[in-house]
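Once you know that position 131 of the sequence shown is 131 in full-length UniProt numbering, the rest is easy, because the numbers rise by one and skip nothing. Think of the CB as a built atom: it goes at the ideal place given N, C-alpha and C, for glycine as much as any other residue.
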Amino acid sequence: MNFLAHAYLSFGDPKVLIGNFIGDFVRGSIEEIYEKDIVVGVLLHRDIDKFTDRHPVVKEAQEKLKPEYGRYGSVITDMYFDYFLGKYWNNYHHLPLEVFAQETYAIVEDHIDILPENFLKAYQYMKHYNWLHSYSEIDGIRRALTGLSKRTRFDSKMETAHIYLEENHDQLRKHFGDFFEDLVTFAKKRYLILKAEI
């Protein structure tokens with residue numbers, strides 16, 4: 001999943017959100033570097049990613065993308081699922097998406113001194129282009145996927161993936177709905193377990 005989903009799946013816990021955001025940017029003995037709830041967020045992030053990668057509905061969506069996009073199908077489905085979460089945000093959260101996005105950026109700013117440098121580089125773009133909100137629109141997904149395509153070693157064709165999204169919108173939305181309900185249930189359970197264990 002992408003940043004919006006990880007923010008949503010932090011369940012209103014600011015320090016868990018920080019850990020959830022930096023999960024891909026930290027290695028080693030995180031328990032020695034970060035306080036408990038940030039560690040919970042990092043571990044939750046990793047559990048969410050593992051669950052996502054193994055889910056049969058996600059695998060099915062990726063298989064459909066494979067003929068056109070090959071190995072990049074997993075990146076594209078992550079983007080698609082953030083798009084659907086953002087587009088239908090009102091079904092999932094009581095705050096408007098733009099308000100949630102700005103509150104999330106404010107939490108990151110409050111912890112800026114302890115965040116890893118490699119995350120901060122990505123965060124500058126996230127905030128400047130308001131990724132958390134812009135991914136809810138086709139044009140935002142187009143810009144993001146085009147940017148990613150320029151950084152791949154091979155011809156990913158990701159710059160065309162927004163067209164596939166538009167053409168297969170209803171089917172992909174069903175994939176998202178079938179998967180995301182399972183993910184929320186799993187993440188809530190893991191969140192509570194990690195909070196109790198760590």
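Determine the burial state of residue i: buried for a count of at least 16 other Cβ atoms within 10 Å of its Cβ, exposed for fewer.
i, result
"Lys15", "buried"
"Tyr83", "buried"
"Asp53", "exposed"
"Phe154", "exposed"
"His162", "buried"
"Tyr72", "buried"
"Val99", "exposed"
"Tyr92", "exposed"
In whole angstroms, give me the CA-to-CA distance for residue i and residue j.
i, j, result
"Asp110", "Lys150", "32 Å"
"Leu97", "Glu32", "34 Å"
"Asn168", "Ser29", "43 Å"
"Leu194", "Leu44", "8 Å"
"Asp13", "Phe179", "23 Å"
"Lys87", "Asn2", "14 Å"
"Glu137", "Ala144", "11 Å"
"Lys188", "Leu165", "29 Å"
"Lys66", "Thr77", "11 Å"
"Gln171", "Tyr80", "12 Å"
Where does the unbroken alpha helix (DSSP H) through residue i begin, and where does it stop?
i, result
"Asn20", "14–22"
"Asp110", "97–110"
"Ile38", "36–54"
"Gly70", "Looking at the DSSP string, Gly70 is not in any alpha helix (DSSP H), and its letter there is neither H nor E."
"Ile138", "138–150"
"Trp89", "That residue, Trp89, is in no alpha helix (DSSP H); it is neither H nor E in DSSP."
"Tyr125", "117–128"
Chain C beta carbons: is any one of them nearer than 8 Å to that of residue i?
i, result
"Thr185", "In summary, chain C is missing from the structure at hand, where a single protein chain is found."
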